[in-house]
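2 protein chains.
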Amino acid sequence: VSVLTTAERDRVCVVLVGSRNPLNIGAAARAMANFGFARLRLVRPYEPSFREARSAVGADAVLKAAEEFEGIAEAVADCGLVAGTTAGEQRQPAEPLERLEAGAKRMQAQLHAGARVAILFGSEKVGLSNEDLSRCQALVRIPTETGQPSMNLGQAVAVSLYELIRGEGALATENVAAPLATAADQERLTRVLADALAASGAGREGDETRLRRLVQHGSLTAEDAHTWMGIFRQILWKLKNGG
Amino acid sequence: VSVLTTAERDRVCVVLVGSRNPLNIGAAARAMANFGFARLRLVRPYEPSFREARSAVGADAVLKAAEEFEGIAEAVADCGLVAGTTAGEQRQPAEPLERLEAGAKRMQAQLHAGARVAILFGSEKVGLSNEDLSRCQALVRIPTETGQPSMNLGQAVAVSLYELIRGEGALATENVAAPLATAADQERLTRVLADALAASGAGREGDETRLRRLVQHGSLTAEDAHTWMGIFRQILWKLKNGG
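For the record, the sequence lines run as chains A and B.
Letter 74 of the first sequence, counting from 1, is numbered 61 in our numbering, and no numbers are missing.
Letter 135 of the second sequence, counting from 1, is numbered 122 in our numbering, and no numbers are missing.
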């Protein structure tokens, strides 16, 4: 189960400020669709790029519904929490810089509380300006390496949204786990394996215990155990009835 | 504090299988540099793309040091845990599909135990094939929306690596795991098992794939794999040299 409901995701606004590259705008929109977000807002996009991205074959609903704004103030007017993303190297930030993990928790709390949340991403070249950052209540840093801090725009959007939807409650495997072999199945498998080993002439005192441990170690599913049994029975038959 | 040490990150191999788009190969390499990973391996890349990506202005050290392989077996031969990423829609997976959050925990445990870990990403068009997936002990799904499951390659790499390095103190609960058998060990075990089966007269077409899956399913430790090999070699010897 995801941490955010559909209604909560719908209150997240991804705001791209001054983006120039149509591929990056498209990639941001795609990541949004992948993770179930719909509100894309562009502040002063480079017009030809925006047009090109929008008219690209396969441009999806997110991009088609993207809204354009004159400035950040207009783009985030209806939002409760405004979080700016930054590599956090080049500037003296006004707000303390949080790692994404912590920033996302604050965003989630606001979304749960019914507020809209904006996440701002700067342009590929210069990121968010000091003026842009001054409009943010939270400054968020994706934990990149200090030697290589600056992420591709589409990848930064993907990682940020992933952090919002990843779930600690989702740690179990999703498929219904295959039932494990019963202790009795494991015992049968251990026996036939010991018999095959004995028939091969390599059997030793204490084999059963050693083999039982080996069989248990594998956490076999019932189906696996069945398959192994078939294999060893056949091998055993051959060993006993001649080669 | 990051969950993975520098030495542990250096044991992660990002394996791109059949990638065609130079921009995506470059984006994958950039995400690796952002998060402190260095080992990029390409299986059957589309040659002109690989050359173009490598010679791009600003192509970084990761891309320049990328290695090329003929097949997946060769690319992951030195790795203990091989995890395949999949949108998990189109196929009946052999292994249960795990969400990235859970899969990453298993990878971290293996890295802590000293093993190498491979993460496989399929081509932009078709993802990983069934044959490719049969070489994986873990199938990992980034938790995308069912209506829009398929991620851009560079973004999928970024999100997967981010999950590996993001920190929440999850480390504390980690069990110390025994290092898993390498893919090469598993392959050897699969072969000797197939040979034993053939020698017993029960061999069938397609055994190798079936047996490989069975061997991988068990998540064998290096020590277990060694023991099984000894058993099967003895049985095989007996089958061939008379009963």
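Beta carbons: idealized from backbone N, C-alpha and C, even for Gly.
Within chain B, partners of residue i - CB distance below 9 Å
i	result
alanine 20(A)	Thr131, Glu132, Gly134 and Gln135
alanine -6(A)	Per Cβ cutoff of 9 Å: no residues; alanine -6(A) is ~15 Å from chain B at best.
isoleucine 218(A)	Leu180, Ala183, Leu184, Ser187, Ala189, Leu198 and Leu201
Closer than 7 Å at the beta carbon, the chain B residues around residue i
i	result
valine 244(A)	The requested residue 244(A) is not part of the displayed model; chain A covers only -12 to 230.
aspartate 211(A)	Leu201 and His204
alanine 189(A)	Gln221
glutamine 142(A)	Ala14, Ala18, Gly141, Gln142 and Ala145
lysine 225(A)	Ser187, Gly188 and Leu226
alanine 183(A)	Ile222
Per DSSP, cross-strand counterpart(s) of residue i
i	result
cysteine 0(B)	Arg26(B) and Ala105(B)
threonine 208(B)	Leu167(B)
threonine 72(B)	Val127(B)
phenylalanine 56(B)	Val30(B)
glutamate 111(A)	Its beta-bridge partners do not exist; DSSP assigns none.
leucine 84(A)	Leu126(A)
For residue i, the nearest candidate out of the options (CA to CA)
i	options	result
arginine 1(B)	Leu226(B), Tyr33(B), Ala53(B) and Arg31(B)	Looking at the sequence shown, residue 1(B) is not arginine but valine. Measuring from the Cα of valine 1(B), the nearest candidate turns out to be Ala53(B).
asparagine 139(B)	Asn21(A), His99(A), Asn228(A) and Ser6(A)	Asn21(A)
glycine 114(A)	Val(-10)(A), Ala143(A), Leu201(A) and Glu88(A)	Ala143(A)
isoleucine 152(B)	Ser6(B), Phe108(B), Gly13(B) and Ala96(B)	Ala96(B)
glutamine 124(B)	Arg200(B), Gly154(B) and Pro166(B)	Arg200(B)
leucine 198(B)	Gly58(B), Glu150(B), Arg175(B) and Pro166(B)	Arg175(B)
glutamate 57(A)	Leu184(A), Val4(A) and Glu192(A)	Val4(A)
proline 83(B)	Thr133(B), Lys112(B), Asn228(B) and Val127(B)	Val127(B)
glycine 134(A)	Asp47(B), Ser36(B), Asn11(B) and Val202(B)	Asp47(B)
glutamate 55(B)	Thr73(B), Ser36(B) and Ala43(B)	Ser36(B)
serine 6(B)	Val146(B), Glu39(B) and Asp194(B)	Glu39(B)
serine 187(A)	Thr177(B), Gly193(B) and Gln221(B)	Gln221(B)
valine 202(B)	Phe219(B), Pro166(B), Val104(B) and Gln173(B)	Gln173(B)
alanine 269(A)	Trp215(A), Ala171(A), Leu29(A) and Thr177(A)	Because residue 269(A) is not part of the residues shown, which for chain A are -12 to 230, the question remains open.
leucine 98(B)	Lys112(B), Cys66(B), Glu85(B) and Arg86(B)	Cys66(B)
aspartate 119(B)	Phe219(B), Ile59(B), Thr177(B) and Glu85(B)	Ile59(B)
leucine 184(B)	Val49(B), Pro166(B) and Phe219(B)	Phe219(B)
Buried/exposed call for residue i, threshold 16 Cβ in 10 Å
i	result
leucine 180(A)	buried
histidine 213(B)	exposed
histidine 204(B)	buried
asparagine 11(B)	buried
glycine 90(A)	buried
glutamate 150(B)	buried
serine 110(A)	buried
threonine 73(A)	buried
alanine 170(B)	buried
glycine 154(A)	exposed
Nearest-angstrom Cα separation, counted from residue j out to residue i
i	j	result
glycine 71(B)	tryptophan 224(B)	35 Å
valine -1(B)	leucine 226(A)	43 Å
alanine 16(A)	leucine 68(B)	33 Å
arginine 26(B)	aspartate 211(A)	34 Å
glutamate 34(B)	arginine 93(B)	33 Å
glutamate 161(B)	threonine 131(B)	Bear in mind that the predicted position of glutamate 161(B) carries a pLDDT of just 34, short of 50, making it unreliable; the figure below should be weighed with that in mind. One C-alpha to the other measures close to 26 Å.
proline 32(B)	glutamate 61(B)	14 Å
glycine 217(B)	valine 63(B)	23 Å
aspartate -3(A)	serine 137(B)	21 Å
leucine 107(B)	serine 121(B)	12 Å
alanine 43(A)	proline 9(A)	9 Å
threonine -8(B)	glycine 101(B)	11 Å
alanine 209(A)	glycine 190(A)	26 Å
isoleucine 274(A)	serine 147(B)	No answer is possible for residue 274(A): the residues shown for chain A start at -12 and end at 230.
serine 116(A)	alanine 168(B)	51 Å
alanine 14(B)	glutamate 88(A)	23 Å
alanine -6(B)	alanine 145(B)	20 Å
aspartate 182(A)	threonine 196(A)	13 Å
lysine 112(A)	lysine 51(B)	23 Å
phenylalanine 24(A)	arginine 86(A)	22 Å
glycine 229(B)	glutamate 192(B)	24 Å
methionine 19(B)	arginine 103(A)	32 Å
arginine 178(A)	tryptophan 215(A)	12 Å
arginine 41(A)	glycine 141(B)	21 Å
aspartate 194(A)	aspartate 194(B)	27 Å
proline 166(B)	valine -10(A)	33 Å
leucine 207(A)	valine 49(B)	39 Å
Where residue i meets chain A, residues with beta-carbon distance less than 7 Å
i	result
threonine 214(B)	Leu201
Residue i: CB within 7 Å of a non-hydrogen atom of the ligand MN
i	result
leucine 140(A)	With respect to the ligand MN, the structure shown offers nothing to examine, as it has no ligands at all.
Where residue i meets chain B, residues with beta-carbon distance less than 8 Å
i	result
methionine 138(A)	Arg17, Ala18, Asn21 and Ala145
Per-residue contacts from residue i into chain A (C-beta, under 8 Å)
i	result
isoleucine 106(B)	What isoleucine 106(B) touches in chain A: nothing, since even the nearest Cβ is about 15 Å away.
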